[in-house]
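A quick write-up on the structure given underneath.
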Amino acid sequence: WSAFAPDFKELDENVEYEERESEFDLTDE
Amino acid sequence: TVLLALHDRAPQLKISEDRLAVTGEKGYCMVRATHWVNRGSWYWEATIEEMPEGSAVRLGWGQDYANLQAPLGYDKFGYSWRSKKGTKFHESGGKRFSNGYGEGDTLGFLIILPERP
Amino acid sequence: NLPMAMRFRHLKLTSRQSVGVFRSQIHKRGLFCQRDIESGEMVIEYAGEVIRSVLADKRERQYTVIGMGCYMFRIDENFVVDATMKGNAARFINHSCDPNCYSKVVEILGHKHIIIFALRKIICGEELTYDYKFPFEEDKIPCTCGSRRCRKFLN
Chain A
63 WSAFAPDFKE LDENVEYEER ESEFDLTDE
Chain B
1099 TVLLALHDRA PQLKISEDRL AVTGEKGYCM VRATHWVNRG SWYWEATIEE
1149 MPEGSAVRLG WGQDYANLQA PLGYDKFGYS WRSKKGTKFH ESGGKRFSNG
1199 YGEGDTLGFL IILPERP
Chain C
60 NLPMAMRFRH LKLTSRQSVG VFRSQIHKRG LFCQRDIESG EMVIEYAGEV
110 IRSVLADKRE RQYTVIGMGC YMFRIDENFV VDATMKGNAA RFINHSCDPN
160 CYSKVVEILG HKHIIIFALR KIICGEELTY DYKFPFEEDK IPCTCGSRRC
210 RKFLN
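Chains as they are written, first to last, in this note's numbering: chain A, 63 to 91; chain B, 1099 to 1215; chain C, 60 to 214.
Given below as structure tokens:
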């Protein structure tokens, strides 16, 4: 069932997402 | 005296005692200043006294509706100038504007609004 | 009646044995139980990437643009679990207006977890469903749960 999304990663528990400085920018310089 | 507002900000930000410094950990968000303008031309200046290693900041003008849970310049209600690479932002679009800035630099921000509100 | 933290620690080991993913004609995939489950038991955590709410809207738009199904679950007004690219089998649990499970946000050691609990005794082989409780919205999503008490729409 991981084929559901390309390069899907199975987790055992929640992971905190580390935002990048360019997180909200249209393009990352 | 223009200070960082205590209430008009993303609650997860930490404001210093003298209300001239702000620290964020979890994600990029915003604090507004205590003063606002709604007509005519206005200019404010800030000298960067301290920027910890690896930190970044976006300074500028933000309207009331600018999303506090995002950096200034993310939506159409804000215009910012970033310390890293000196990029300017509006509606998440970054454009080359100057070299990067940091400790010791003094930055000026001019806004020109119509005389009538 | 063990403390939540103990039950949660135990959950990581057991949930892989308790649930399985099956191919469902109606919803493409679904979650089913591989053993009898007692009423009130912790079944599985809806695990994924914890992101700030403001990022969820952006990501949802990005997934929609590339036609990828979006699997997200709101923890509270500040945080959302995004299980689209990283998650566990819980992401496949389908909605039912007459569910046999329910979801609950439980705070354990300062972290909030979305946990699926059994509403009643569930017999081995049954599909696991919970009521998504989507907020009421204008543009409707038809519900295909087919249960007697179906509300016809998810939102």
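From the three backbone atoms N, C-alpha and C, an ideal C-beta is built for every residue, glycine too.
Checking the sheet assignment: what are the DSSP bridge partners for residue i?
i: residue 188/C; result: 153/C
i: residue 69/C; result: Residue 69/C is not bridged to any residue.
i: residue 79/C; result: 91/C
i: residue 132/C; result: 140/C
i: residue 162/C; result: 175/C
i: residue 1177/B; result: 1159/B
At which residues does the alpha helix (DSSP H) containing residue i begin and terminate?
i: residue 122/C; result: 112–124
Please report the residue range of the beta strand (DSSP E) in which residue i lies.
i: residue 1139/B; result: 1139–1145
i: residue 142/C; result: 138–146
i: residue 224/C; result: In the structure as shown, chain C begins at 60 and stops at 214. Residue 224/C is therefore absent and cannot be evaluated.
i: residue 1193/B; result: 1191–1193
i: residue 1149/B; result: No beta strand (DSSP E) holds residue 1149/B; DSSP gives it neither H nor E.
i: residue 204/C; result: Run containing residue 204/C: none; DSSP gives neither H nor E here.
i: residue 1103/B; result: 1102–1107
i: residue 1204/B; result: 1204–1210
i: residue 177/C; result: 170–177
i: residue 85/C; result: From DSSP, residue 85/C is part of no beta strand (DSSP E); its letter is neither H nor E.
i: residue 1131/B; result: 1129–1131
i: residue 1187/B; result: 1186–1188
i: residue 1156/B; result: 1156–1160
i: residue 1172/B; result: Where residue 1172/B is concerned, there is no enclosing beta strand (DSSP E), given that its DSSP letter is neither H nor E.
Note down, in chain order, every chain B residue with its Cβ under 7 angstroms from the Cβ of residue i.
i: residue 92/A; result: With chain A covering only 63 through 91, there is no way to say anything about residue 92/A.
i: residue 113/C; result: 1165, 1167 and 1168
Report the neighbours of residue i on chain A: residues whose CB is nearer than 8 angstroms to its CB, in chain order.
i: residue 1185/B; result: 91
i: residue 1154/B; result: 83
i: residue 1182/B; result: 83
i: residue 140/C; result: 76
Please compile the residues from chain C whose C-beta is within a distance smaller than 7 angstroms of the C-beta of residue i.
i: residue 75/A; result: 71, 104 and 106
Whose Cβ in chain A lies nearer than 9 angstroms to the Cβ of residue i?
i: residue 172/C; result: 75 and 76
Which chain A residues sit within Cβ distance under 7 angstroms of residue i?
i: residue 35/C; result: The shown model of chain C, from 60 to 214, leaves out residue 35/C, and the question about it has no answer.
i: residue 146/C; result: 73
i: residue 110/C; result: 79
Next item on the list: Would you list, in chain order, the members of the region 79–91 of chain C that have their beta-carbon closer than 7 angstroms to a beta-carbon of chain A?
Entry: 80 and 88
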